[in-house]
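In the working numbering, the protein residues as written are 3 to 259.
One structure is given below, encoded as structure tokens.
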């Protein structure tokens, strides 16, 4: 069973590391092609393309210029420990044991606009390049065109090595669009997290993102390898709701607190 999640805009290159082990990303030749394109943009163009402030645009122009595909622990950090958004708050990899990292390295992948597909221990230099932006490149008008079928091929390769050929999709729609579901050689399970507000259950973005991280943590900590086991997820008040679940969409609800 393989789980995929989205990256995060917020990065942390300061906190103490939970492990000193690392690997190198597998698609750096592709990342280098995107960096070549990104370096041609001025901070003003970056600001307009990404919808970010001038200050952030200047920072990311510097990051593109400083990027070198020779990653070391001095200039880069393991992806699972570098990302720090809501998903990663739920995942809480900073308290993982070495055995947790071993399991995650085999069963968890992060989709990325720049790096394509990252393993938890893959080193990465800081960047901001969201999958949904319209960055023209040699392969088309956006990053979906750039990555094409490569990420699906990589996932198929990984699924063939798993005991259960199941992909647990905990990524956002923006990132999962980079995958071609019809070409995936495995079953796709999509967990959905609903929180109660004013008596009604609905997806609340902040909570749903954190819940995706919590589910990823649960899979890793409990060493889950069968889709049926996902129904046992019970962190922070969530519980499987059979009546709302349909087919491969597993719904988890949490009452108002």
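For every residue, glycine included, the Cβ atom is placed at its ideal position computed from N, Cα and C.
**OP:** Closer than 7 Å by C-beta to residue 6: which residues in its own chain qualify, once you throw out the five before and the five after it? Chain order, please.
**Re:** 111, 113, 169, 171, 172, 173
Original post:
Grouping DSSP H, G and I as helix and E and B as strand, with all else coil, what is residue 198?
Top reply: strand
**OP:** Please list the segments of the alpha helix (DSSP H) lying wholly inside the segment 67-113, counting only runs of 4 or more residues, in order along the chain.
**Re:** 81-84, 88-93, 100-109
Subject >> Supposed contact pair residue 85 and residue 10 - C-beta distance, whole angstroms, cut 8 Å >> reply: 4 Å
**OP:** Count the C-beta pairs between the segment 87-99 and the segment 144-151 that are closer than 8 Å, then say yes if the count reaches three, no if not.
**Re:** no
Original post:
How would you write the range of the beta strand (DSSP E) that residue 251 sits in, first residue to last?
Top reply: 251-256
Original post:
Just how far apart, CA to CA, sit residue 158 and residue 34?
Top reply: 24 Å
**OP:** Just the C-alpha distance for residue 254 and residue 215, rounded to the nearest angstrom, thanks.
**Re:** 14 Å
**OP:** Give the secondary structure of residue 192 by DSSP, where H, G and I count as helix, E and B as strand, and everything else as coil.
**Re:** strand
**OP:** Please determine if the segment 29-49 and the segment 123-137 are in contact, where contact requires at least 3 C-beta pairs separated by less than 8 Å.
**Re:** yes
**OP:** Could you spell out the range, first to last residue, of the alpha helix (DSSP H) harbouring residue 39?
**Re:** 30-40
Original post:
In the DSSP assignment, what residue or residues form a beta bridge with residue 4?
Top reply: 169
Subject >> residue 160: first and last residue of the uninterrupted alpha helix (DSSP H) it sits in >> reply: 152-161
Original post:
Counting pairs of beta carbons, one from the segment 127-146 and one from the segment 35-47, are three or more of them closer than 8 Å?
Top reply: yes
Original post:
Is residue 144 helix, strand or coil when you go by DSSP?
Top reply: coil
Original post:
Can you list, in chain order, the residues of its chain whose CB lies under 6 Å from that of residue 106, leaving out five sequence neighbours each side?
Top reply: 122, 222
Subject >> Simplified DSSP state of residue 126, which is helix, strand or coil >> reply: strand
**OP:** Output the distance between the C-alpha atoms of residue 164 and residue 226, rounded to the nearest integer angstrom.
**Re:** 12 Å
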